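Residue numbers (numbering that gives the first Met the number 0), protein chains in the order written: chain A, 0 to 116; chain B, 0 to 116.
Ideal placement from N, C-alpha and C gives every residue a C-beta, glycine not left out.
The structure displayed is predicted, hence computed values, not measured ones.
Structure record follows, encoded as structure tokens.
2 protein chains.
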Amino acid sequence: MGVPLYRTKAEFFRTLGHPARIRILELLSERDHAVHELLEQIAIEPSNLSQQLAVLRRTSLVVSRREGTAVVYSISAPEVRDLLMSARRILVGLAESRSDFEDELVVSPLAPDRAAG
Amino acid sequence: MGVPLYRTKAEFFRTLGHPARIRILELLSERDHAVHELLEQIAIEPSNLSQQLAVLRRTSLVVSRREGTAVVYSISAPEVRDLLMSARRILVGLAESRSDFEDELVVSPLAPDRAAG
DNA sequence: TCACGACATGAATACTTCTTCAATTGCTGT
DNA sequence: ACAGCAATTGAAGAAGTATTCATGTCGTGA
């Protein structure tokens, strides 16, 4: 146990900090996908996808197996699904409180037109 | 709603992807803290702490208020606490499955004593 | 109002991480 | 064994993020 947990956590979150990797994890948390299937869903170059998959493999978040001509990926920690959902909940909450606030501005006594952000 | 959710999620996780910011959120999820209190707990330079707090403020994860001479921070989304805990669970799980595998290697026929993780 | 302590900001340099390209490996069918 | 598709790798330049230093702001108490 040389590395403090908050450091490991930060590293973990950084791994999640890329749109393509989020998409990959979302897709894999539904079911296993071959690389070419991921490629259909995510609009990036094959080699870029491979790079992102490599990042996820390094942190053991996903594992791959070869099935004939295809390589199939699956998620190692199904709990990631909950994590993504709970992130969504937080984001929706933050977005709401921000637009609530904008509403309040608009609802002031003699409020002139105030463009929405 | 111009920005796809997976992009926003990635951005969100990137803001969590720094040891100091994780520490800050952990501390704030227990109770509000003044900047000088955070400074006592986290071993970084004051101006660096300010920078990290600024990052968290930009994403509305924390808010600050002035109290006399001090500036007090609090967390906007208490659910962040759950998120951090569920991240911990995933990390522990991944770490265990990795060392299980190492154990298997060690657990050959004449397995010697096995130290607990 | 002046000086001081508590924080924040801007800007520069040093790192990391992204994206893309060219080259490579591993199967499958012939 | 070879052609051809699927996926990966390494490397290089572009883009983004971290850390630090010098400076600026905002209250408080003398």
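By the criterion of at least three beta-carbon pairs nearer than 8 Å, the stretch 28-39 of chain A is not in contact with the stretch 8-16 of chain A. Here A33 of chain B carries a strand assignment [DSSP, helix/strand/coil]. R22 of chain A and I41 of chain A have their C-alpha atoms spaced approximately 7 Å apart. Taking 7 Å as the cut-off, the Cβ atoms of T68 of chain B and T14 of chain B do not count as close. Under the 10 Å beta carbon count, H35 of chain A is surrounded by fewer than 16 other beta carbons and is classified as exposed. Bounds of the beta strand (DSSP E) holding S63 of chain A are V61 to E66.
Only those residues of the stretch 68-90 of chain A whose C-beta falls short of 9 Å from the nearest C-beta of chain B are listed: S75, A76, E78, V79, D81, L82, L83, S85, A86, R87, R88, I89 and L90.
Close to R57 of chain A, with beta-carbon spacing below 8 Å, lies no residue of chain B; the smallest spacing is near 12 Å.
Using a CB distance cut-off of 7 Å, P18 of chain B counts as an interface residue toward chain A. Between the stretch 77-94 of chain B and the stretch 77-85 of chain A, the count of Cβ pairs shorter than 8 Å is three or higher; the stretches touch. Our two residues, V91 of chain A and A33 of chain B, have alpha carbons roughly 27 Å apart in a direct line.
I89 of chain A is positioned such that its CB atom lies closer than 7 Å to that of A76 of chain B. An exposed status is given to Q50 of chain B, since fewer than 16 other beta-carbon atoms sit within 10 Å of its beta-carbon. Among the residues of the stretch 32-52 of chain B, none has a Cβ less than 9 Å away from any Cβ of chain A. Y72 of chain A is a Cβ neighbour of V61 of chain A, given a cutoff of 7 Å.
Within chain A, no residue has its CB atom less than 9 Å from the CB of G1 of chain B, the nearest being about 12 Å off.
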